[in-house]
Structures are given as structure tokens and as C-alpha cells.
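What follows is a set of notes on a single structure, which appears directly below.
Numbering (the working numbering), first residue to last: 397 to 733.
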């Protein structure tokens with residue numbers, strides 16, 4: 397039996413499957429490939445059944461988002477090592493070898509991310525993960541190779557294996573046992589930030605998250621919600637607030653939240669003054685939705701394990717980026733280490 401399951405979530409994505417699934421099938425001979433269909437209304441399933449009969453299809457009746465879709469589907473996947481792969485990712489020859497070997501060799505390593513580069517601009521890192529993720533204490537994520545919208549060219553500057561704070565859900569290698577121990581994704585996130593929340597909780601449990609440069613994939617990005625989408629902004633803001641509430645102690649959170657609120661307000665003001673009224677409303681809705689979820693008791697139901705303290709970057713990435721002009725991860729190294 398193969399030890400690896402490549403699990404691809406799909407929602408009305410036949411166009412992506414036609415482009416990207418051939419590379420997955422070609423270079424994943426040592427894995428079982430699953431397509432999780434999130435209640436698609438296009439002919440995705442018919443296409444895969446005809447073109448790739450070796451792919452196992454898991455059908456969900458409706459769209460449960462990234463978090464809920466994977467939580468439901470992975471109950472049917474029994475291999476010990478999983479690769480959660482976006483449908484708009486091109487993989488390369490030998491891509492499974494190094495990340496899985498690292499997971500097998502280290503009992504404390506729960507998840508690994510490969511190098512994620514842009515499908516359209518292949519010399520550059522891609523937004524969703526780049527060379528491994530970090531987060532500032534106020535819930536703003538960034539990556540080696542990407543801070544906000546600033547993408548670096550890959551010149552080999554991040555060709556070292558590292559422990560990171562989070563691994564991208566676009567291509568996430570993870571031990572099935574660790575995923576289950578952490579109770580999987582928080583389904584109520586629906587989409588966005590759920591992999592960061594999961595990685596944080598895995599670290600509460602005493603596990604580490606890794607990055608390897610010895611595997612490269614190419615991600616198109618924006619396959620479900622385009623960059624700058626108002627719904628994407630709303631989900632990111634709502635879920636980042638919920639993630640902070642779930643993973644900080646109350647004492648930590650009570651000091652963090654006021655600063656985060658000011659940063660949200662500054663972002664709203666900036667968007668209003670630049671005419672991005674819909675984006676400003678997306679942030680406002682996201683914060684309001686967080687409070688609604690909080691008053692409904694969502695986020696109170698997770699038993700937090702041993703705290704690991706604050707995320708690695710001790711300050712505000714927004715202040716570092718906009719005020720101190722730190723545009724690249726390498727400019728932040730002294731602050732992180």
C-alpha cells in the first residue's frame with residue numbers, strides 16, 4: 397500500500413484540473429491521488445473520471461469551503477502521510493520525496509511546506525506560502541520571500557531547510573496522525589487562515605513546522621477568490637481575529653487586541669482615502685463577524701494545550717513594512733532571530 401495520499405480539493409474547477417492535474421498524476425506514482433469535490437455544479441467529476449480513472453473521487457454534497465471540505469473528506473483517507481494540494485498547483489518530478497522523508501525521520505515534525513513559486517512568473521515566489529510562513533503578534537502573516545504584496549525573485553536566498561511558524565495550505569505535507577490529534581481544521585473558518593491556525597495548534601501540542609527547498613511547486617493563485625476580493629478580505633480579517641482569540645491566553649489577547657484594532661482602523665482609513673470603499677467595508681464586516689462569533693461562543697470550545705508564547709516576529713509587520721521600509725524577509729532577520 398502507498399504511504400502517501402495526495403488530496404486535491406475542487407469546486408467548479410475543471411479548467412484548473414485540465415491544466416494542473418496531469419503533472420500531479422505524472423509525478424505521483426508513489427502516491428494515491430484523491431479528488432475531493434466540494435459540491436461542484438460543473439463537469440469536473442465527469443472529466444476526471446474519463447481522463448484519469450486512477451484518481452479516487454470523494455464526493456461532497458455541498459461546498460464546505462477549504463476547512464470543512466478537507467475535514468470531511470480526510471475521514472475517508474487512511475494513508476499516514478497526506479499532501480493537501482490546491483487544484484491550481486503544478487508539481488515537479490520527485491516532488492514527494494524530500495518532504496515525506498523529513499516527516500518520516502522526525503517524530504516532532506508535523507508538517508512541511510515546499511518552495512512555492514509563481515506559475516505565471518516562474519522566477520518569483522508565490523504569494524500563498526513562498527518559502528515558509530511567519531506571523532507577527534497581531535495576526536498578520538508573511539513569508540520568506542513575500543511580505544504583504546512584495547514578492548521576491550528566487551535567487552537561492554532561501555535554499556535552506558528551516559523551522560517556520562506556518563506552512564501553506566496550497567501544498568501542505570502533513571502527518572495524518574498529527575492532523576487528527578489537533579482535531580483538523582476549524583471548519584467555521586470556511587477558507588483563509590485555517591492552515592495558520594492549525595500550525596499554531598500543532599505547536600501548542602509540541603510539534604514543529606518545517607520548510608524544505610528541495611521540493612518546488614508552481615502555484616497559480618487566486619483560483620477560488622481573487623487577490624483583493626472583498627470576500628477574501630472579509631474572511632482573512634474575521635478568521636485572523638478568531639485565530640488570535642483561540643491561540644492566545646486571555647492575558648495575552650487583552651494586550652494584543654487594542655493594537656490590532658488600531659491597525660484595522662488605519663487600514664480602513666487608507667482604503668477610504670484611496671477610494672477602495674468595498675475593501676474598507678470588507679474589513680469592517682470581518683471585525684463585526686468576529687464579535688458575533690465570539691458572543692455565540694465560537695472559539696471557546698477548543699481546549700488549548702501548553703502555550704508556546706508569541707509568534708516569532710515580536711513587533712508589527714505592518715509598521716516594519718510601511719514605516720521602516722522593510723520590504724524583504726532578509727531585512728527582518730535580526731527581529732525574528
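Glycine included, each C-beta is placed from N, C-alpha and C at the ideal position. In this text, all values refer to a predicted model and were calculated from it rather than measured experimentally.
What's the call for residue i, buried or exposed, on a 16-neighbour Cβ count within 10 Å?
i: residue 446; result: exposed
i: residue 608; result: buried
i: residue 743; result: Outside the shown range of the chain, which is 397 to 733, sits residue 743, and nothing can be said about it.
i: residue 510; result: buried
i: residue 440; result: buried
i: residue 497; result: exposed
i: residue 631; result: buried
i: residue 737; result: Residue numbering for the chain in the displayed model covers 397 to 733; residue 737 lies beyond these limits and cannot be assessed.
i: residue 700; result: Per-residue confidence for residue 700 stands at a pLDDT of 49, beneath the threshold of 50, marking its modelled position as unreliable; no derived number is given.
i: residue 384; result: The requested residue 384 is not part of the displayed model; the chain covers only 397 to 733.
i: residue 493; result: exposed
i: residue 650; result: exposed
i: residue 401; result: buried
i: residue 470; result: buried
i: residue 719; result: exposed
i: residue 726; result: exposed
i: residue 495; result: buried
i: residue 559; result: exposed
i: residue 673; result: exposed
i: residue 501; result: exposed
i: residue 542; result: buried
i: residue 593; result: buried
i: residue 414; result: exposed
i: residue 643; result: buried
i: residue 573; result: exposed
For the beta strand (DSSP E) containing residue i, name the first residue and the last one.
i: residue 556; result: Careful: residue 556 lies outside any beta strand (DSSP E) and carries neither H nor E.
i: residue 538; result: 537–539
i: residue 509; result: 505–514
Quick check on residue i: does DSSP put it in helix, strand or coil?
i: residue 615; result: strand
i: residue 585; result: helix
i: residue 532; result: strand
i: residue 568; result: strand
i: residue 464; result: helix
i: residue 603; result: coil
i: residue 670; result: coil
i: residue 486; result: strand
I'd like to confirm the pairing. Which residues does DSSP put opposite residue i in its beta bridges?
i: residue 402; result: 429, 479
i: residue 434; result: 456
i: residue 521; result: 513
i: residue 422; result: DSSP output for residue 422 lists no bridge partner at all.
i: residue 547; result: 542
i: residue 709; result: 532
i: residue 562; result: 529
Taking C-alpha atoms, which residue in the options lies nearest to residue i?
i: residue 455; options: 420, 406, 486; result: 406
i: residue 562; options: 546, 539, 424, 550; result: 539
i: residue 605; options: 528, 665, 666, 650; result: 528
i: residue 584; options: 508, 636, 448, 525; result: 636
i: residue 481; options: 442, 448, 417; result: 417
i: residue 714; options: 668, 457, 657, 626; result: 657
i: residue 514; options: 650, 614, 460, 502; result: 614
i: residue 728; options: 531, 451, 436; result: 531
i: residue 433; options: 461, 421, 414, 423; result: 461
i: residue 546; options: 520, 560, 578; result: 520
i: residue 634; options: 683, 442, 526, 587; result: 683
i: residue 477; options: 669, 499, 552, 717; result: 499
i: residue 525; options: 485, 533, 506; result: 485
i: residue 576; options: 675, 689, 412, 474; result: 474
i: residue 428; options: 403, 415, 444; result: 403
i: residue 586; options: 458, 612, 490; result: 458
i: residue 465; options: 580, 448, 411; result: 580
i: residue 523; options: 412, 566, 533, 693; result: 566
i: residue 409; options: 425, 431, 399, 398; result: 431
i: residue 554; options: 639, 489, 654, 612; result: 612
i: residue 398; options: 444, 693, 426, 468; result: 426
i: residue 710; options: 642, 666, 652; result: 652
i: residue 582; options: 660, 468, 669; result: 468
i: residue 489; options: 453, 419, 437; result: 419
i: residue 676; options: 693, 627, 689, 507; result: 627
i: residue 508; options: 451, 569, 517, 654; result: 569
Under DSSP, the alpha helix (DSSP H) around residue i begins and ends at which residues?
i: residue 628; result: 626–643
i: residue 597; result: 590–600
i: residue 691; result: 673–691
i: residue 495; result: 493–501
i: residue 445; result: 440–447
Quick one: does residue i have its CB under 7 Å from some CB of chain D?
i: residue 554; result: Absent from the structure is chain D; it holds one protein chain and no more.
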